[in-house]
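Under the numbering used here, residues 9 to 350 are what the sequence shown spells out, in order.
Just so it is clear, CB atoms sit at the ideal spot from N, CA and C, and this is done for glycine as well.
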Amino acid sequence: MRAILTNHLLILLLGIVLSACSPTSETVHETRFMMGTLVDFTVYDANTKNAAMAIKAAADEMQRIENLFTIYGDQNNSVKIFNNAKAGTDIKLPSEIDALLTRSMQIEQKSDGAFNPALGSLNKLWGFSQPTPPTSPPPAEEIEQIVSSSSHCLQQRADGWSRTGKSCQLDFGAIAKGYALEQGMKVLKLHGIEHAIINAGGDIRVGGSHGKRPWQIGIRHPRQPGQVIATLKISGDKSVVTSGDYERFYLYKGKRYHHILDPRLGMPASRSQSATVIADDATTADGWSTALFVMGADGLETIEKMGMDAILVDADGTIHTTKNIESRLQLSLSPPMLRTSD
Ligand code: ADP
Ligand code: MG
């Protein structure tokens, strides 16, 4: 996963200070650095000691998931073993990795290849997750060679998975953070926590509510740091995840190059500035926010058909949303933002 700080969304936890003064409810807040970002845990209306224990257990679980899926760093794991195995060999993946790969392949199929879990080589070639970020694009011939060998390059066998060539490498960078958020919330609930919010650098999973009010979430303007394009109010089991071109990028000869790649071109996807997906679970929201970013506004129909909601800022800065999102999620666009199409 990534190695720099991110903050896609600004979360507005209005009223938390007030609620903390009430004798019946306590708000416990803690921040950890993991998955290359700051992860904020806010637990509302719970016994302080239990909340602290729950947060620690959730953070440990999220760290475990990062270690399990990352293709970076020195520690070995099953994903790296797969990526280094001889092409054509069947490898049995641990069930958790197998399950997330299966989900990823479904997103790949439903997004017509906008999402691809086998982009490890291409992502490494572009280098956005390396400790020293790049300053110029890699050679076109190298991109072409990898693109042709990373499409449909994974094969599911009776006894595991195999890859068709050396350049076919797993990378769960677009979905593992969502899975970690999901598991983090699961652990909080196992500790009896009902009302909580986990914010991993702007990617959010909420559970329950913020007292009698819903949680209120601001969606970051992709070009104006510190400003929001919209706020939405949510409660219950929901996740809000954004993929944007403004976190890991550089300008080269006046053009922006960033870390979300169009697998079919091998180049940074150029249809969007940011894509926010709201789904019941964070794994789905994370996977689809990356897919939608690559698909651009045309992808909103697919999102809608699957019963999710989304807000897409296209390459021109125009905001598009799924239909009826305003009433369903109490979304309000910040003036002077105007939705120009749906
Ligand atoms: P972030 O990690 O910044 O929140 P994403 O969830 O969109 O953003 O994930 C981006 C990461 O996913 C990249 O760093 C890379 O590892 C991987 N990736 C990039 N493009 C794709 C793609 N089209 N399909 C699947 N994974 C991708
Ligand atoms: Mg994603």
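For LYS57, which of helix, strand or coil comes out of DSSP?
Here residue 57 is taken as the residue at index 49 of the sequence shown, counted from 1. In the structure shown, LYS57 sits in a helix (DSSP, three-state: H, G or I).
From GLY216 to HIS328, what does the alpha carbon distance come to, in whole angstroms?
As a position in the sequence shown, residue 216 is number 208, starting the count at 1. As a position in the sequence shown, residue 328 is number 320, starting the count at 1. If you take the alpha carbons of GLY216 and HIS328, they lie about 28 Å apart.
Report the residue ranges of all alpha helix (DSSP H) runs contained in full by the region 154-189; include only those spanning at least 4 residues, in chain order.
none
Under the assumption that ALA318 contacts ILE286 (Cβ atoms under 8 Å), give the Cβ distance between them as a whole number of angstroms.
Counted from its first residue, the sequence shown places residue 318 at position 310. Counted from its first residue, the sequence shown places residue 286 at position 278. Yes, ALA318 and ILE286 are in contact; Cβ-Cβ is about 7 Å, under 8 Å.
Consult DSSP for GLN71 and reduce its assignment to one of helix, strand or coil.
As a first step, residue 71 is located in the sequence shown; it is residue number 63 there, counting from the start. GLN71 falls in the helix class under three-state DSSP.
Cβ of SER247 versus every heavy atom of the ligand ADP: is any distance shorter than 8 Å?
What you label residue 247 is simply residue 239 of the sequence shown in a count that begins at 1. No, the ligand ADP has no heavy atom inside 8 Å of this Cβ.
For TYR260, I'd like the list of residues in its chain whose CB is within less than 6 Å of its CB, leaving aside the five on either flank, ordered along the chain.
Taking the sequence shown and counting its residues from 1, the one referred to as residue 260 is at position 252. SER144, listed in sequence order.
Under the three-state reduction of DSSP, which class applies to THR110: helix, strand or coil?
For the purposes of this step, residue 110 is identified with residue 102 of the sequence shown, where counting begins at 1. Taken through DSSP and simplified to helix, strand or coil, THR110 comes out as helix.
By a C-beta neighbour count over all protein chains shown, 10 Å radius and 16 as the cutoff for buried, is ASP82 buried or exposed?
Position 74 of the sequence shown, counted from the first residue, corresponds to residue 82. Residue environment: ASP82 is assigned as exposed (fewer than 16 neighbouring CB atoms within 10 Å of its CB, all protein chains considered).
Of the residues THR330, ARG72, TRP134, which one's Cα is nearest the Cα of LYS313?
Locating residue 313 in the sequence shown gives position 305, where the first residue counts as 1. LYS313 has its Cα closest to that of THR330, out of THR330, ARG72, TRP134.
Exposed or buried, what is ARG256 when buried is set at 16 or more other beta-carbons lying within 10 Å of its beta-carbon?
What you label residue 256 is simply residue 248 of the sequence shown in a count that begins at 1. So ARG256 counts as buried.
Do you know whose CA, among SER247, TRP296, ALA188, SER278, lies nearest PRO125's CA?
By one-based count along the sequence shown, residue 125 stands at place 117. The shortest Cα separation from PRO125 among SER247, TRP296, ALA188, SER278 belongs to TRP296.
With the cut-off set at 9 Å, would you say ALA238 and MET70 are in Cβ contact?
By one-based count along the sequence shown, residue 238 stands at place 230. By one-based count along the sequence shown, residue 70 stands at place 62. Cβ atoms of ALA238 and MET70: not closer than 9 Å.
Do you know offhand how far SER129's Cα is from LEU337's?
Locating residue 129 in the sequence shown gives position 121, counting from the first residue. Locating residue 337 in the sequence shown gives position 329, counting from the first residue. Each residue's Cα considered, the two are about 38 Å apart.
Opening and closing residue of the beta strand (DSSP E) in which ALA290 lies:
Here the question's residue 290 lines up with position 282 in the sequence shown. Run containing ALA290: none in the beta strand (DSSP E); it sits in the alpha helix (DSSP H), 290-303.
For the beta strand (DSSP E) that contains LYS241, what are its first and last residues?
Mapped onto the sequence shown, residue 241 falls at position 233. Unbroken beta strand (DSSP E) run through LYS241: 236-242.
Are three or more beta carbon pairs between the region 232-249 and the region 84-93 nearer than 8 Å?
No, the region 232-249 does not touch the region 84-93.
The region 183-202 in contact with the region 139-156 per 3-pair CB rule at 8 Å
With contact defined as three or more Cβ pairs closer than 8 Å, the region 183-202 and the region 139-156 are not in contact.
Is VAL302 near the ligand ADP, going by C-beta to nearest heavy atom under 8 Å?
The count along the sequence shown starts at 1 and reaches residue 302 at position 294. Flag set: Cβ of VAL302 near the ligand ADP.
Excluding five sequence neighbours on each side, which residues of the same chain lie with their C-beta closer than 6 Å to the C-beta of ALA290?
Position 282 of the sequence shown, counted from the start, is the residue given in the question as residue 290. Correct list, in chain order: GLY186, LEU189, GLU190, ARG213, SER247.
Buried/exposed call for MET316, threshold 16 Cβ in 10 Å:
Within the sequence shown, numbered from 1, the residue matching residue 316 stands at position 308. In summary, MET316 is buried, with 16 or more beta-carbon neighbours lying within 10 Å of its beta-carbon over all protein chains present.
List the endpoints of the continuous beta strand (DSSP E) containing CYS38.
Translated into positions along the sequence shown, residue 38 becomes position 30. Reading the sequence as shown, one finds Glu at residue 38 and not Cys. Looking at the DSSP string, the run of the beta strand (DSSP E) that includes GLU38 is 35-42.
Once you ignore the five residues that flank PRO146 on each side, which residues in its own chain have a CB closer than 8 Å to its CB?
Here the question's residue 146 lines up with position 138 in the sequence shown. LEU133, TRP134, GLY135, listed in sequence order.
DSSP three-state assignment for THR284, whether helix, strand or coil
Residue numbering aside, residue 284 sits at position 276 when the sequence shown is read from its first letter. Correct three-state label for THR284: strand.
Can you name, in chain order, every residue of its own chain whose Cβ lies under 6 Å from the Cβ of ALA66, other than the five neighbours on each side?
Position 58 of the sequence shown, counted from the first residue, corresponds to residue 66. The answer, listed in chain order, is GLY192, VAL195, LEU196.
By a C-beta neighbour count over all protein chains shown, 10 Å radius and 16 as the cutoff for buried, is HIS160 buried or exposed?
To locate residue 160, count along the sequence shown from 1; it is residue 152. With fewer than 16 other Cβ atoms within 10 Å, it is exposed.
Go ahead and label GLU149 buried or exposed: buried means 16 or more other beta carbons lie within 10 angstroms of its beta carbon, across all protein chains shown.
The residue labelled residue 149 in the question sits at position 141 within the sequence shown. Exposed, since its Cβ has fewer than 16 Cβ neighbours within 10 Å.
What is the DSSP secondary structure of GLY252, reduced to helix, strand or coil?
As a working mapping, residue 252 is identified with position 244 in the sequence shown. Strand at GLY252.
Among GLU104, HIS37, ALA95, LEU178, whose alpha-carbon lies nearest the alpha-carbon of ALA363?
Residue 363 lies beyond the residue range present for the chain, which begins at 9 and ends at 350; the question has no answer from this structure.
With a 10 Å radius around its C-beta and 16 neighbouring C-beta atoms as the bar for buried, classify ARG221 as buried or exposed.
The residue you call residue 221 lines up with position 213 of the sequence shown. Exposed: under 16 other Cβ atoms inside 10 Å.
Give the single residue among ASP167, SER278, TYR80 whose Cα lies nearest to the Cα of TYR265.
Counted from its first residue, the sequence shown places residue 265 at position 257. The residue with the shortest Cα to Cα distance from TYR265 is SER278.
Chain-order list of residues whose beta-carbon lies under 8 Å from that of PHE77 (same chain, five-residue window excluded):
By 1-based counting over the sequence shown, the position of residue 77 is 69. Within the same chain, PHE77 has close Cβ partners MET9, ASN85, VAL87, ILE105, LEU108, PHE180, ALA184, TYR187.
Residues near LEU101 by beta carbon distance below 7 Å, same chain, minus five either side:
By one-based count along the sequence shown, residue 101 stands at place 93. Excluding residues within five positions, the ones whose Cβ falls inside 7 Å are SER86, PHE90, LEU109, GLY168, TRP169.
Alpha carbon to alpha carbon, how far is ALA95 from SER340?
Counted from its first residue, the sequence shown places residue 95 at position 87. Counted from its first residue, the sequence shown places residue 340 at position 332. In a straight line, the C-alpha of ALA95 is about 50 Å away from that of SER340.
Among ASP211, GLU116, ASP120, ASP253, the one whose alpha carbon lies nearest that of GLY44:
As a first step, residue 44 must be located in the sequence shown, where it is residue number 36. Nearest C-alpha to GLY44: ASP211.
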